[in-house]
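Positions 59 to 119 (our numbering) are the ones given, in order, by the sequence shown. Yeah, the Cβ is synthetic: ideal placement off N, Cα and C, and Gly gets one too.
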Amino acid sequence: MSHSPEDVARYVCNDCQLIHAGTPRRTATGKRSFDPPEDCGGCGSDDLIAIQNWVHHQSGD
Ligand SMILES: [Zn+2]
Numbered sequence: 059m060s061h062s063p064e065d066v067a068r069y070v071c072n073d074c075q076l077i078h079a080g081t082p083r084r085t086a087t088g089k090r091s092f093d094p095p096e097d098c099g100g101c102g103s104d105d106l107i108a109i110q111n112w113v114h115h116q117s118g119d
């Protein structure tokens, strides 16, 4: 299991499968966190799934 040094959250559009980087923000505790994009830049859908959930989604679990 390898971790990317840049731990950027990524989100997949459920409609066109375009991948988007999360929007970085700082939490109240000073940790870095990411928000999903408001909507898909490709098709305008707001149905964006975190990529770690997308893997489960695709494997039919
Ligand atoms: Zn899309």
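Practice task
Measure the Cβ-Cβ separation of residue 71 and residue 105 and say whether it is below 9 Å.
Solution key: At the C-beta level, residue 71 and residue 105 come within 9 Å of one another.
query = How is residue 70 classed by DSSP in three states: helix, strand or coil?
reply = Strand, per DSSP.
- Query: Cα separation between residue 69 and residue 112?
  - Reply: In this model, residue 69 and residue 112 are separated by some 8 Å (Cα to Cα).
message = Quick check: what's the CA-CA separation for residue 109 versus residue 87?
response = The straight-line gap from Cα to Cα measures roughly 25 Å.
- Message: Contact defined as beta carbons within less than 8 Å: I believe residue 99 pairs with residue 78. What is the distance between those atoms, to the nearest angstrom?
- Response: That pair is a contact at about 7 Å.
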